[in-house]
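Residues in the sequence shown are numbered from 64 upward in steps of one, following this note's numbering. Below is one structure, written out as C-alpha cells; the observations come after it.
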Amino acid sequence: MKKIILLLWALLAIIDFGFAQKTISGKSEGKQFKPTAQFEKQNFPPNLYVDLKFNDDNGNGVLEAEEKAELHVNVSNKGKGIAQGLQVILKIEDYDPDIQFDKQKEILYLYPNKAINLIFNFQAGLVSETKQHKFSIQVKEHFGYDTDEAYLMLNTLQYQQPKIVFSGYEIIDSGEGTATINPDRLIQSGEKVLIKYFVQNIGQSTAINALTEINTQNPNIFLTDNQQILGDIKIGEVKTFTVGLSPNKRVGENFDITLNVRIDKKIGGLLNHKIGIPLNQSAPEPMVLNVETNLKRLQNQVAKFEYTSQKFSANIGTIERINEAPKSITKRTNSIGVVIGIEYYDNIPPAPYAENDAKIIADYFKQTLGINKIVAFNSVEATGLFFDDVFNAKYGELQKEIIKGETEVFVFYSGHGLPSKNGESAYLFPSDGKIERLTTQGYNLNDFYNNLNDLGAKSITVFMDACFSGGSKTSAEKPAENLMNMKGVKIVPKVVEPWKSNPNFTIFSSSQSNETSLAFDDSQTGLFTYYLCLGLKGKADLNSDKIITADELQNFVTQKVQEISKKLVGIQTPQFNGNKQTVIVKY
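Here it is, written out as C-alpha cells:
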C-alpha cells in the first residue's frame, strides 16, 4: 500500500511540475496557480540561486509613462534536494497606483540542477510620477529554504509631452504641380504655387501619428492636397509637407490660412494656428530650433539590482547609456581622428564588440573632443597592408592630412593585439591575417608609434582597447581563447617610448601586456571603451571644473576598470603614458 501511495505522489509531482512550468513560463497576466499538493521532507535540502534581468520597451532602463517592461527571475536549484512550493514575491516599498506589476508567481517543484524563468510584467500609467521606486524580490520555499532578499531600483518618468510648432514655409512656383507666368518665388493672384510648410517637434517625446490639415475661410483661395499624414515626429525633428495653393483675381493683398497638426493623445499637437500669407512677397526663412532632450536623468538612473546574498548574480552597479556623445565647447579646427574597429577575422576568433566600440568612439571624437575630420575603418576595410598604408609617415594616407606643428592627431583602435612567439614584440593585426605570418602581415607596435611620432603633428593621442597577452577578448558570456597557442611565455614586449622625448605624445591602453582586455556584455562594448566614454561624458571631471585632463581621465578609467574587472572574469589594469596635464576636453 505504501508503495502505491509513493507512486501516486510521484505521478502527481510530475503532472503538477509540468503544469506549473506551463503557467509561469509565459505571461500570466496576474493569474496565479495555487498549488494544493502535499509536500514531504527530504534527506537533502535544495540550494536556490537567482539571476535577474530587467527589460523595458525602449531599452533605456527607465519605466516611462504608458511603457511596458519585464523582470526576468531565473530560479535554479543547485542542491541535491527538490525545492517545493516556491513563491517568488515582488513588493514595492512605496505604493504607486499608477504602476501595475505581477506581485507573485509559484513554482510547485524545482528539481536538482534545473532552472525556471519567471516573467513579471510591469505597466506604467499616463500619470506616473518621476521618482525612484524600490522593489523587493524574494523566493520562499515551503520548508524554509528561502533566498535572501534582492532589490530592483527602478526609476519612473512622468509623461513627457511633445510640442508641435510651425517653423515657416517656402514658396515653390516652378516645376510639376505649378502654373505661373514668372517663376520668382512669390505668390501672385491668378497663379498656382506649391507651399512647403515646416513643422517641428520641440517637446520632450515623440509625436505619434501626426496628421496635418490646411484650411482657409477665404473663398478666393483654392487648396489641393491639404490633408496629409506625417507619421511620427521625433524630438527636435522637422517635417515638411506641400500643399497646392491658387489665389484668384479677387483676393486681397494678403490672406490667412489655418494649420492643424493632430497627434495621438491629443496633447502637444498644433490646433487652429493662423498663418498670414502676403501676395508678392518672399517667404521668410524657416526657423528651426535646436532641441535638447530633458532626459539626462535616464543616462544616470537606469534600472539596477542590489543584492544581500551571493546567491544572486553579481551587482556591477548602474549601467549607463554611452551611445550618444555629449557636445562640448572643445573645437579642434585643425585635427583628424582615425578610428579602427576590427571585430571579425578570417583566421582567428572575433574581438567582441570592436566595431561597436569604433562606432561609438567616432561620435565622441566628433561631438565631445571636437575633432574636425573623422576617418573610420571596420573589419572589411582593415585588410592586407592596411596599417602601413594608413600610418606610414612617408607615404601613408594620414601624412597627407598633416600640417606639421599644427594638426592634432587622435587614433582609436579596438581589435586583437598579438605578441610574438618569444613575447618580445607586439603587433596590431589585419582582419585577413594569418598567425603563421604574424611578422609580415602584422603591424609592429614600434612601427606604429614611430610613424605617428614622425608625422610632426602638433600632438598625438592614442586610445587602444586591445591586449597583447596572446588571448582573445573575453567577457562573462564569451570565454577566452589562446590565439597564439602559447604556454609559459612571459609577455614583455620591447616597445619604443616616444612620449619620453615628445611631451605631446599621449597613449591610453586598456590593459597591461600580460592581461586580457575584457569585453563588457552589458554595454556591448569593451570594458575599457565603456569607462572611457563615461569619463568623457563628465564622470572623469573629478574637481568639477568643466575640464577633463589626461590625468583625471586615466585615474577614473583605471579605477573603474580595475574594480569591475575583478567582478567579471579577471583583473584588467589600464595603462597611461604621456603628459598628465594635457587637456582632453572642456565643457
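Cβ coordinates follow ideal geometry from the N, Cα and C atoms, glycine included.
Under the DSSP assignment, I437 falls in the beta strand (DSSP E) whose first and last residues are I434 to F440. N184 is positioned such that its CB atom lies no closer than 8 Å to that of F198. Setting aside the 5 residues that flank it on each side, N118 is surrounded in the same chain by E133, each with a C-beta closer than 6 Å to its C-beta; the list follows chain order. For the pair Q644 and G266, the Cα-to-Cα distance works out to about 41 Å. Residue environment analysis places Q167 among the exposed positions, since fewer than 16 neighbouring C-beta atoms fall within 10 angstroms of its C-beta.
Per the coordinates, the alpha-carbon of I382 lies some 42 Å from the alpha-carbon of K104. K255 is not a Cβ neighbour of G315, given a cutoff of 8 Å. Between the segment 478–485 and the segment 423–430, the count of Cβ pairs shorter than 8 Å is below three; the stretches do not touch.
With respect to F526, F571 sits close: the two C-beta atoms are nearer than 8 Å. For the pair R248 and S268, the Cα-to-Cα distance works out to about 35 Å. Between the segment 585–593 and the segment 623–642, the count of C-beta pairs closer than 8 Å reaches three or more; the two stretches touch. In the pairwise beta carbon analysis, the segment 277–284 is classified as not touching the segment 223–230: fewer than three pairs are separated by under 8 Å. Across the set G519, Y174 and I611, the C-alpha of G519 shows the shortest separation from the C-alpha of G468.
In this structure, the CA atom of L605 is about 25 Å from the CA atom of E471. The DSSP-derived three-state label of I145 is coil. Cβ-Cβ distances below 8 Å link G459 to D451, D452, V453 and N514 in the same chain, with the five nearest sequence neighbours on each side left out; the list follows chain order.
Taking a cut-off of 8 Å for Cβ pairs, the segment 228–241 and the segment 187–196 do not touch, as fewer than three such pairs fall below it. Annotation for T621: P637 place their beta carbon closer than 6 Å to its own, counting only its chain and skipping 5 residues before and after. Taking all protein chains in view, the Cβ of H135 is surrounded by fewer than 16 other Cβ atoms within 10 Å, so the residue is classified as exposed.
The Cβ-Cβ distance between P493 and T446 falls below 8 Å.
Cβ atoms of N323 and E276 come within 8 Å of each other, at about 5 Å. In the displayed model, F206 falls within coil according to three-state DSSP, outside both helix and strand. Proximity to N509 across N455, S522 and I465 peaks at N455, based on C-alpha coordinates. DSSP, reduced to helix, strand and coil, places K521 outside both helices and strands of the structure shown, so it counts as coil.
Taking all protein chains shown into account, E156 has fewer than 16 neighbouring C-beta atoms within 10 Å of its C-beta and is therefore exposed. The residues G404, E406 and N441, in chain order, have a CB closer than 6 Å to that of E418 in the same chain once the five nearest residues on each side in sequence are set aside. Contact check for L333 against V262 passes: the beta carbons are separated by less than 8 Å. Cβ contact annotation for F475 (same chain, cutoff 6 Å, sequence separation greater than five): V402, I424 and F526, in chain order. For secondary structure counted as the beta strand (DSSP E) over 3 or more consecutive residues, the segment 243–292 holds these complete runs in sequence order: 256–264, 270–278 and 284–287. When the beta-carbon positions are compared, N137 and V113 come within less than 8 Å of each other.
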